[in-house]
Amino acid sequence: MSLNNAWHNARVMYEKDTCAQALGIDIIEMDEGFAVLTMTVTPQMLNGHQTCHGGQLFSLADTAFAYACNSQGLAAVASACNIDFLRPGFAGDKLTATARVKHQGKLTGVYDIEIVNQQQKTVALFRGKSHRIGGSVTGEA
Numbered sequence: 783m784s785l786n787n788a789w790h791n792a793r794v795m796y797e798k799d800t801c802a803q804a805l806g807i808d809i810i811e812m813d814e815g816f817a818v819l820t821m822t823v824t825p826q827m828l829n830g831h832q833t834c835h836g837g838q839l840f841s842l843a844d845t846a847f848a849y850a851c852n853s854q855g856l857a858a859v860a861s862a863c864n865i866d867f868l869r870p871g872f873a874g875d876k877l878t879a880t881a882r883v884k885h886q887g888k889l890t891g892v893y894d895i896e897i898v899n900q901q902q903k904t905v906a907l908f909r910g911k912s913h914r915i916g917g918s919v920t921g922e923a
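For the sequence shown, this note's numbering begins at 783 and goes up steadily by one.
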């Protein structure tokens with residue numbers, strides 16, 4: 783397998799990604815520097831205002847970021863992230879996070895992630911900065 787097989791890299795990561803699995807996050811699309819993931823808001827994800835907890839939104843965006851910045855097969859982690867919450871998510875909402883590379887250098891990258899609801903209204907905007915830590919996602923040469 784090539785290091786540049788984004789789907790293969792995503793499948794290898796997802797097998798060990800118990801957080802994404804527990805949140806019901808699904809991978810919809812993958813390409814180099816690009817990922818689309820979905821998550822349905824469950825009642826357990828609601829805060830005291832009965833809207834989706836910001837930490838759950840952050841986790842969805844951060845997961846899409848992780849898959850995009852590791853899509854080329856070179857192991858990378860977040861070095862910094864920020865999020866803007868624009869509108870609430872509610873129980874039953876199907877949220878879609880789309881991650882796109884803005885810049886990928888030899889070691890560091892910048893990725894923008896947008897979360898939209900099923901009406902295509904933007905729920906949150908997230909920017910992540912990545913750092914490649916050496917090695918491959920799959921452990922293959």
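Ideal Cβ positions, reconstructed from N, Cα and C, are used throughout, including at glycine.
- The continuous beta strand (DSSP E) containing His885 extends over residues Lys876 to Gln886.
- Distance between Gly910 and Trp789, taken at the CA atoms: about 21 Å.
- Bridge pairing for Ser918: Leu856 [DSSP].
- Under the three-state reduction of DSSP output, Arg869 falls in the coil class, being neither helix nor strand.
- Around the CB of Asp875, 16 or more other CB atoms lie within 10 Å, so the residue is classed as buried.
- Nearest in C-alpha terms to Phe840, of all of Ile915, Phe867, Leu828 and Asn829, is Phe867.
- The beta carbon of Thr890 is closer than 8 Å to those of Ser861, Lys911, Ser912, His913 and Arg914 in its chain, skipping five residues each way along the sequence.
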